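Colleague:
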Amino acid sequence: MAARISVPATAKKGDTVEIRIAIQHPMETGFRFDVNGRAIPKNVINRVTCRFGGEEIFRAELGSGIAANPFLDFFAAVEESGTFEFEWVDDAGVRGAETAKIVVS
Amino acid sequence: MGGRRWRAGRRDREDRRQLKRLLALAFLAGTALAADRPTPLKSGVEFTGADARALQADEFANPGMLWVARGEKLWSEPAGVSGKSCADCHGDAVKSMKGVAARAVNLDGRIENCRTEQQQARAFEPESQGLLSLSAYVAFQSRGMPISIPGTADVQASVQRGREIYHRRMGQLNLSCSQCHDDHWGRKLAAETVSQGHPNGFPAYRLSWESVGSLARRIRACYSGIRAEMPEYGSPDLQDLQAYLAWRAQGLAMESPGVRR
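Those protein sequence lines, which keep their order, are chains A and B.
FYI, the numbering for the first sequence is 1 to 105, going by my numbering.
FYI, the numbering for the second sequence is 1001 to 1261, going by my numbering.
1) Buried or exposed: A/Val103, going by 16 or more other Cβ atoms within 10 Å of its Cβ?
2) Check whether the stretch 22-32 of chain A and the stretch 1168-1182 of chain B are in contact - that is, three or more C-beta pairs closer than 8 Å.
3) Are the stretch 1079-1095 of chain B and the stretch 1107-1123 of chain B touching by the rule of at least three beta carbon pairs closer than 8 Å?
4) Rounded to whole angstroms, how far is the Cβ of B/Leu1107 from the Cβ of B/Val1138, which I believe are closer than 8 Å?
5) Hey, out of B/Leu1134, B/Cys1177, B/Ala1204 and B/Pro1203, whose CA is closest to B/Val1194's CA?
6) So is B/Arg1070 in contact with chain A if we call contact Cβ pairs under 8 Å?
7) State the beta-bridge partners of B/Val1212 as determined by DSSP.
8) Tell me where the alpha helix (DSSP H) around A/Ala3 begins and ends.
9) Just to confirm the assignment: which complete alpha helix (DSSP H) runs, minimum length 4, are found wholly within the stretch 1086-1149 of chain B?
10) In chain order, what residues of the same chain have a beta carbon less than 7 Å from the beta carbon of A/Val78, not counting five sequence neighbours either side?
11) Pick from A/Ala68, A/Ile23, A/Val35 and A/Thr49: whose alpha carbon is nearest that of B/Ser1211?
12) Taking the continuous beta strand (DSSP E) assigned at A/Asp90, which residues delimit it?
13) Check whether the Cβ of B/Phe1124 lies closer than 8 Å to any Cβ atom in chain A.
14) Under the three-state reduction of DSSP, which class applies to B/Asp1183: helix, strand or coil?
15) Does the beta carbon of B/Gly1030 sit closer than 8 Å to a beta carbon anywhere in chain A?
16) Within a Cβ cutoff of 7 Å, which residues of the same chain sit near B/Met1145, ignoring the five residues on either side of it in sequence?
17) So with CB distances below 7 Å, who are the chain A contacts of B/Leu1066?
18) So that I know if they touch, is there some Cβ in chain A lying closer than 8 Å to that of B/Ala1050?
19) To the nearest angstrom, how far is it from the Cα of B/Ser1135 to the Cα of A/Phe58?
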């Protein structure tokens, strides 16, 4: 699973920054059938979390209504330098993780 | 008598003018056949919607960039008996692959060739994630560069064969590519706007695929649309068509990974 995170490299203390993450995933709904007529099991990323300095700052619970390759966008106020640590898991139990650093002055 | 002569003279002049007009028309028709491509050239993205255009232009939000990112990793991963990666021979793709996709008429074939001949690895399958990622990564290095294919005899012969296929009616709907993409581009086909059929966004992220796909896959979708038998991936027909499409789109800027509907 490839993923990309967009976080500004630097920010001023107290700034609100935009954080974006795109994850490559088929987000299989469970409602489709393969060419032999068998149901394709549901497999979506069901949880995405973001931690900053060990503390959870963002959590999203996704379902089968989210399109493939989900793209999430949120804002956070930053007080100190640190690392955004993203983690996610899909219905098949496959986990992914990606990090992005920010320097706050 | 004088009057009649005058009238005859006028008729001669008229005839000559008529002839000139006909010749001009014939000349124009001749150049149109020689040019044989839509004017002005418009990229496929112009026939999508504002949302797809915005998605393509945003280098982060463009979902095709996920494949580019994966291709970047693959570029330096060793593969096959040789234990070599793409980077071991080609170095930094940002430099060595710049413009390659704008000149190539069969990028996938060349990647597969490198893989089997140089890396001595098993070929990727057509439309496999590995091949799509690598081709998207290589094509991305040509973003903004105009398509310009080589004038070599084999490429031009392929273009000629492709031109013939492009104008051949086929399928249960008995349509040629040209009848939609030359004669009716910009008009509606149900909810879709018919494009000019250019390859400059491929490999592209197609929203209906929810994935990046190759130009070959897109052409096969057209075959299916006119209810014709789809050519196999890597078949000569598909390669010739791709060569002709590249010839026809010469001058258009590469925008892979494009976003299409």
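Don't be surprised by glycine CBs; every beta carbon is placed ideally from N, CA and C.
What you are looking at is a predicted structure, and each value in this text was computed from that prediction instead of being measured.
Modeller: Let me spell this out:
1) Its Cβ having fewer than 16 others within 10 Å, A/Val103 is exposed.
2) no
3) Counting C-beta pairs with one atom in each stretch, the stretch 1079-1095 of chain B and the stretch 1107-1123 of chain B have three or more that are closer than 8 Å, which means they touch.
4) 6 Å
5) B/Cys1177
6) yes
7) Answer is B/Tyr1205, bridged to B/Val1212.
8) Per DSSP, A/Ala3 belongs to no alpha helix (DSSP H); it is in the beta strand (DSSP E), Ala3 to Ser6.
9) 1086-1090, 1093-1096, 1100-1103, 1107-1113 and 1129-1140
10) Ala11, Asp15, Val17, Ile102 and Val104
11) A/Ala68
12) Taken as a continuous stretch (DSSP letters only), the beta strand (DSSP E) holding A/Asp90 covers Gly82 to Asp90.
13) no
14) coil
15) For B/Gly1030, the predicted structure reports a pLDDT of 41, less than 50, and the residue's modelled location is therefore unreliable. The matter cannot be settled from this model.
16) Gly1099, Ala1102, Ala1253 and Met1254
17) Ala2, Arg4, Ala22, Gln24 and Asn69
18) no
19) Cα-Cα distance, rounded: 35 Å.
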